[in-house]
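**Q**
Right, here's the structure in full:
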């Protein structure tokens, strides 16, 4: 994993991170007030955003990353996901510590990498720093994948 200052990122990466930051504004996080936004870059250049949607029955909510990936899979099933940016906003500011996809989101991202036969670059925004993983596999060692079901 690499760490960059935001200004060191490419213009495409900066736009994707900004889309993730903007997506936090529409998060429904009435219980935790921890608003997460995600933005996907598809191979056709389309940017898909998602945010967390909480529910009083906690397991019934969904994370920003899964919201975005499932929307992309449903509406752009033939478009490979190139990258995902994640940002979190809490107590009036973007988080100082890096926020990474949770275990369930990592598993969904692994399935997307398997589906499209391509790695997904993961950009995790943290107060003007960006943590970059070249594939979800670096965040999900010893993962459970399709090869286990054969």
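In the working numbering, the protein residues as written are 756 to 905.
Heads up, the beta-carbon is just placed ideally off N, CA and C, and yes, glycines get one too.
Let me know the secondary structure DSSP gives residue 879 once reduced to three states.
**A** By 1-based counting over the chain shown, the position of residue 879 is 124. The answer is strand: DSSP assigns residue 879 an E or B state.
**Q** Between the C-alpha atoms of residue 882 and residue 888, what's the straight-line distance to the nearest angstrom?
**A** Taking the chain shown and counting its residues from 1, one reaches residue 882 at position 127. Taking the chain shown and counting its residues from 1, one reaches residue 888 at position 133. Looking at the two C-alpha atoms, the distance is approximately 17 Å.
**Q** Which residues bound the beta strand (DSSP E) around residue 805?
**A** Along the chain shown, one-based indexing puts residue 805 at 50. Here the beta strand (DSSP E) through residue 805 covers 802 to 806.
**Q** CB residue 805 to CB residue 838, shorter than 8 Å?
**A** Taking the first residue of the chain shown as 1, we reach residue 805 at position 50. Taking the first residue of the chain shown as 1, we reach residue 838 at position 83. No, the pair does not count as a contact, with Cβ atoms beyond the cut-off.
**Q** Going by C-alpha distance, which of 833, 802, 897 is nearest residue 772?
**A** The residue labelled residue 772 in the question sits at position 17 within the chain shown. The shortest Cα separation from residue 772 among 833, 802, 897 belongs to 802.
**Q** Enumerate in chain order the residues of its own chain whose CB-to-CB distance from residue 810 is below 7 Å, with the five nearest sequence positions on each side excluded.
**A** Position 55 of the chain shown, counting from 1, holds the residue named residue 810. Once the five neighbours on either side are set aside, the close Cβ partners of residue 810 are 816.
**Q** Within this structure, are the beta carbons of residue 843 and residue 790 separated by less than 8 Å?
**A** Sequence index remark: in the chain shown, residue 843 carries index 88 (1-based). Sequence index remark: in the chain shown, residue 790 carries index 35 (1-based). Yes. Within cutoff.
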